[in-house]
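Novice:
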Amino acid sequence: MRLPVLTDKNLAMIDSNVLGKDGIAPMTMIVIAYKHGKDNTVFPIGTSAIVESFTCYTVGNTRHHYTLQVNGVSRVQIAEVNDSVTKCYTLNSTNMGAATKADQEFVDTAKKMLVVVANKLLQGEENIARLTLDALTDLCMSALPQVTYLEQLEFLAELDVLKRVDMVIAHVRKFMSGRKLALVTVKLDNPESLKNDDTVVERMRKTRAIPAEKRSDYRLHAPRKSIGEDEPMSETNNLGKQLQAAGLPEGPVKDTIMAEFRKYQNLPTSAAEHPVLRSYLQLVIDLPWSKLTSDKMDIKESRKLLEADHEGMDDVKKRILEFLAVKQLKNDLKAPILCLAGPPGVGKTSVAKSIANALGRNFQRIALGGIRDQSDIRGHRRTYVGAMPGRIINSLKQAKSRNPVILLDEVDKLGHGPHGDPSAALLEVLDPEQNHTFTDLYLNVPFDLSQVIFIATANDINKIPNALYDRMELVQMSSYSLLEKLKIAKTHIIPKQMAAHAVTPDYMSITDEAITSLIEYYTHEAGVRQLERAIGAICRNVALRVAEAINAGIDADVVSPRVDYPINIAPTDVEHILGNSKRKKNNNLAEVRKSNEPGVVLGLAWTPVGGEVLVIETALSEGKGTVILTGNLGTVIKESIQVALSFLRANAVKYELDVSGIGKSDLHVHLPAGAVGKDGPSAGCAFTLALFSLISGRAVRKDTAVTGEVTLTGKVLPVGGVKEKVLAAHRNKVYRVILPRANQLDTQDIDATILKSLEIEFVDNVHELFRLMIDGPLPIISSNSVPADPISAKM
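At the far end of the sequence shown sits residue 795, using full-length UniProt numbering, and the numbering has no gaps.
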């Protein structure tokens, strides 16, 4: 047997007696046991053993341990133990020659049993055959499970061989009595002889290892597992029936899974792989290999459901209805892979649920934000401890159909970690040419995803990897206008919040003016999340007032002189409930619009949370010609300022500008709200206009916001996010906007009611921008004198 050496005293003994010799000759050692308890005294009976070999290993690069291979020789009586000497004498077993015929039958049976576990006991079959009754009882006791340490010491102290035989039989009976079915596997040269081996069966029956009523079953059925490793066949058979009914696709997939099932049938329950394989087969059974839900093909009804759930979003609704229309004509149509891009709170997640309801499909959501391991998508191989399938396969298992709508939420927030790129793992999922054979590493067989409608959401499409972006169909979702928010609040948010707070229409009503006040002064967002929270706060206040009235003895169902129902919420009530508006207190934009100061311009910007109106301020001060840029500006926006300044210097004569003072003064350009990062080229027009106003001393119109990229030659180039920027201007009550002429078609996506309330001008070059924004006459510059685009000049 193997004997570990861990204590310092024993390690020192090995170092002094074994190490440093040329070879390891067999040496005798005394193995001493201790009684576990308060005294922890030495047990009086020990074992004399021969050390045949040893293994040395290190722990933590600082401490070494040994494992000895020892072979027991005899029992010894411990007479004295101290640090230097151990005195003992050999003990001989008694009743060695008094074995009966029954004891000889025990010897024969035990030898046959021990052949099965010969490798575990490090004994060969030929060695077991030569064992005496004395040695055989010791070997049997060491092979029995669930024998306590104290029971082993008691057995060690017993010198009578026949009593040790009785102790072994008692432990076998104790172990087998707790089993539902006790079967003993004896590997004989001819397994058929087991049926007629009365000696084995009768002897085990006498020791009650096998109950008599089980004896016929034992003879009729060859046991398939060793002691304690039986599993009810009904469970295995039931698993096989479930696999046959799972709808597995014919071919390699079914062949592979059924091979795993046959492997599972032959595994003992004690095997480490047994629960792993059981979990794998259960996953296979739970997956919807052939289960499909029927799509609702009524386009009119689907349109009605989509319209009822969401305002606007015409592009999304149109794309889903197109899919249904083509589905009617071609049943095997591949499902679309959409990407809903827009600011937070505009309803990307909820519209995905509405799409599932309109199609009559199951819905599952996978949150991708912060995922850094590709195994979250593709799963782990079953060779790893704690392996599990990826989120795609798990979602299909929960959806219970092969054609659900799966939402990949926040796809632009996927991370990168040391365990692979999860965005790369999504490529196979979102590629229509590949996803019909998607292979999860845990499942290890292809699964068809071609019928799944994948809908991804993102706030910033610039953060989506190009390869992933190329596989999706982009649908832009813009900010809500004031009118859209008002309608959403009345149709969806207020009824939802009133129901959530048990406030009925008999208790509360809220005016359109109050909702408008909430939108303008208590929220600052592209979507409606803050608006929903604000309305929830109002509902809680009303619920409190109603509860106080009821507790004061006032019937809430009748009009009382103290409490009038319904409680009508007006703008003044909003301020009383929510407090003073921060936007009213700190409205820098309103103050700028009232001023007529040169060098200050309103610009437009796009952010992941919607459009914004920016105030751009410039100033000259005594200095050495340094350009100071503040406001948490990015690299591109700083370059836009340099381009604007260079253009004005190059064209100072044409515009009658005195730029000589710029070299002797410091130029400071500032964008307020310095805690917010700002970048991009679209503020070029605003910077050029602000610097022109500063140098010339002429004020610009403060009722107008501008956007557009400017080149060194004075051309105004198109920019992105036009709809968001125009909606931001309208939201901030800036009703005049100047855009690049190349963006004229982008305004068609804006609601007609918004366009009617705005005055939108389009420009091709800086001169047209100055003409629309500067008060008073400008120098007359002919079209020939306007700086030409260098590319056009070459042509």
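Even for Gly, the Cβ is constructed at its ideal location relative to N, Cα and C.
Could you work out which residue in K300, M13 and P389 is closest to K317 when comparing CA atoms only?
Specialist: If we check each option's Cα against that of K317, K300 comes out closest.
Novice: When the Cα of L133 is compared with those of T94, Q152 and G579, which residue comes out closest?
Specialist: Nearest C-alpha to L133: T94.
Novice: Can you tell me whether residue 797 is helix, strand or coil according to DSSP?
Specialist: The structure shown has nothing for residue 797, since the chain only spans 1 to 795.
Novice: Run through the DSSP bridge pairs and tell me what V716 is partnered with.
Specialist: V716 is bridged to V710.
Novice: Express the C-alpha separation of H668 and D775 in angstroms, rounding to a whole number.
Specialist: Each residue's alpha carbon lies about 23 Å from the other.
Novice: Any chance you could list the beta strand (DSSP E) runs of at least 3 consecutive residues sitting entirely within the region 352-439, in chain order?
Specialist: Counting only runs of 3 or more, we get 363-367 and 405-409.
Novice: Report the partner residues of M508 according to the DSSP bridge assignment.
Specialist: Its beta-bridge partners are I567.
Novice: Consult DSSP for R495 and reduce its assignment to one of helix, strand or coil.
Specialist: The sequence given here places Pro at residue 495; Arg does not occur at that position. Residue state, collapsed to three classes: helix.
Novice: Which partner residues of F54 appear in the DSSP bridge assignment?
Specialist: Partner(s): L68.
Novice: In the DSSP assignment, what are the bridge partners of L474?
Specialist: In DSSP, L474 forms a bridge with C339.
Novice: Candidates I30, G247, V172 and S350: which alpha carbon is nearest V73's?
Specialist: Ranking the options by Cα distance to V73, first place goes to I30.
Novice: Applying the criterion that 16 or more other CB atoms from any shown protein chain within 10 Å of the CB defines a buried residue, is C140 buried or exposed?
Specialist: Classification of C140: buried, given that the 10 Å Cβ count is 16 or more.
Novice: Do A157 and I78 count as a contact pair if the criterion is CB distance below 8 Å?
Specialist: Contact: no.
Novice: In whole angstroms, what separates the C-alpha of residue 812 from that of A526?
Specialist: One cannot answer for residue 812 here, as it falls past the ends of the chain, which runs 1 to 795.
Novice: Using DSSP's beta-bridge definition, name the partner residues of D666.
Specialist: In the DSSP output, where bridge partners are listed per residue, D666 has S621.
Novice: Would you tell me roughly how many angstroms separate the C-alpha atoms of E724 and N651, rounded to the nearest one?
Specialist: Cα-Cα distance, rounded: 33 Å.
Novice: In three-state terms, what does DSSP make of S581?
Specialist: Of the three classes helix, strand and coil, the one that applies to S581 here is coil, per DSSP.
Novice: Of the choices T437, E520 and K463, whose alpha-carbon is the least far from that of P252?
Specialist: Taking only the C-alpha atoms, the option nearest P252 is T437.
Novice: Counting only runs that start and end within the region 720-769, where is the alpha helix (DSSP H) found for 4 or more residues in a row?
Specialist: Within the region 720-769, the complete alpha helix (DSSP H) runs of at least 4 residues are 722-731 and 752-756.
Novice: Check whether the Cβ atoms of I14 and V81 lie closer than 8 Å to each other.
Specialist: The answer is no: Cβ separation not under 8 Å.
Novice: Looking at the structure shown, is E656 part of a helix, part of a strand, or coil, going by DSSP?
Specialist: Coil.
Novice: Considering only the beta carbon of each residue, do Q364 and Q398 sit closer than 8 Å?
Specialist: Result yes, Cβ atoms of Q364 and Q398 sit closer than 8 Å.
Novice: What is the residue span of the alpha helix (DSSP H) that K487 lies within?
Specialist: Counting along the chain, the alpha helix (DSSP H) containing K487 begins and ends at L482 to I488.
Novice: Using only CA atoms, which one of E473, M258, A352 and V168 lies nearest to V107?
Specialist: Cα-wise, what sits closest to V107 is V168.
Novice: Take I567 and list the residues in its own chain whose beta-carbon comes closer than 7 Å to its own, dropping the five residues that flank it on each side.
Specialist: Here the set comprises Y507, M508, V542 and R545.
Novice: Tell whether a beta-carbon distance below 8 Å holds between T457 and L426.
Specialist: Contact flag unset, no.
Novice: Is it the case that the CB of E761 approaches a heavy atom of the ligand MG more closely than 7 Å?
Specialist: The ligand MG is not part of this structure, which contains no ligands at all.
Novice: If I follow the unbroken alpha helix (DSSP H) through G345, where does it start and stop?
Specialist: No alpha helix (DSSP H) holds G345; DSSP gives it neither H nor E.
Novice: Sort out for me which residues DSSP pairs Y89 with in a bridge.
Specialist: Y89 pairs with Q77.
Novice: Across which residues does DSSP place V165 in a beta bridge pair?
Specialist: Per DSSP, none; premise fails for V165.
Novice: Using 10 angstroms around the beta-carbon of C539, count the other beta-carbons present and answer buried if the total reaches 16, otherwise exposed.
Specialist: By the 10 Å Cβ count, C539 comes out buried.
Novice: Using CA coordinates, which residue listed in T707, G623, A143 and V445 is at the minimum distance from G684?
Specialist: Cα-wise, what sits closest to G684 is T707.
Novice: If we ignore side chains and look at the alpha-carbon of each, how far apart do E322 and L359 end up?
Specialist: Answer to the nearest angstrom: the Cα atoms are 12 Å apart.
Novice: Can you tell which of L144, T148 and N92 has its C-alpha closest to the C-alpha of D160?
Specialist: Of the candidates L144, T148 and N92, the one whose C-alpha sits nearest the C-alpha of D160 is N92.
Novice: Our contact map puts Y469 next to G379 with C-beta atoms below 8 Å; I'd like the distance itself, whole angstroms only.
Specialist: With a Cβ gap of about 24 Å, Y469 and G379 do not count as contacting.
Novice: What separation, rounded to the nearest whole angstrom, lies between the Cα atoms of V411 and M498?
Specialist: So the alpha carbons of these two residues sit roughly 33 Å apart.
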